[in-house]
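Add 59 to the 1-based position in the sequence shown for the working numbering, that's all there is to it. Every residue gets a Cβ at the ideal spot worked out from N, C-alpha and C, and that includes glycine. Quick caveat: nothing in here was measured; it's all calculated off a predicted structure. Below is one structure; the comments refer to it alone.
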Amino acid sequence: LFDHKTKVMKALNATLIARKLDYIVSNLAQNKLDNCLLVKGFNPANPTFWAMEGLFPYIERTKIVELLKVVDCLSAPGSEFWIDIPGQMVADGEEWGKRAMKYGEDDPMHGVLSDISWELEEQASLGVVCEHFGRPWMPMLSPKMKQEVPFFCIIAKKP
């Protein structure tokens, strides 16, 4: 994933706006994440960008709350995070069967993300047919009821 994104950014001649670019590959859902990151050289005094792409649907709400508290604690003011989160429908076992996910919510601006006092911005709501990020978007449909699945992209900044 990181190799692909690096190639895309180079092809676009994208300018690096961070003072320094490092990434630490780690399981963000693991216990004692803070210790793991600090041992690997993470510096909580520097503003950080946390990419939590495709993570929330695969962990329980209690673990998400723990993760957000760690992120909040380790983040200097000006830090940001980006997440994508599907609607609650994806956790419906009757609708999705074995493919059901562990977590989703229909109002991410007032749900689990409100447990920390960061400034939240809904970057995109991908639950309806429209254009996002310069491309036409067709939402995913649930397997049985064929309903459009809510899906959100959220960016947040620590004041």
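Residues sharing a beta bridge with residue i, DSSP
i, result
"S184", "F211"
"I142", "M111, I213"
Limits of the unbroken alpha helix (DSSP H) element including residue i
i, result
"I175", "Looking at the DSSP string, I175 is not in any alpha helix (DSSP H), and its letter there is neither H nor E."
"E190", "Not the alpha helix (DSSP H): E190 falls in the beta strand (DSSP E), residues 189-191."
Distance between residue j and residue i (C-alpha atoms, nearest Å)
i, j, result
"A183", "K216", "16 Å"
"I118", "E180", "22 Å"
"L185", "C132", "30 Å"
"E190", "E207", "15 Å"
"G100", "V188", "43 Å"
"F108", "G170", "21 Å"
"S201", "P167", "19 Å"
"N105", "E139", "11 Å"
"P195", "L71", "21 Å"
"K64", "V149", "27 Å"
"A110", "I142", "7 Å"
"L97", "N90", "13 Å"
Three-state class that DSSP yields for residue i in the structure shown
i, result
"K216", "strand"
"I118", "coil"
"D93", "helix"
"A159", "coil"
"M197", "coil"
"K69", "helix"
"Q51", "As shown, the chain starts at 60 and ends at 218. That puts residue 51 outside it, with no answer to give."
"A135", "coil"
"H63", "helix"
"I123", "helix"
"A104", "coil"
"E164", "coil"
"K99", "coil"
C-beta atoms of residue i and residue j nearer than 8 Å
i, j, result
"M197", "E154", "no"
"E211", "M199", "Inspection of the sequence shows that residue 211 is occupied by Phe rather than by Glu. No. Outside cutoff."
"P136", "E178", "no"
"D165", "G193", "no"
"L127", "D174", "yes"
"L92", "V129", "yes"
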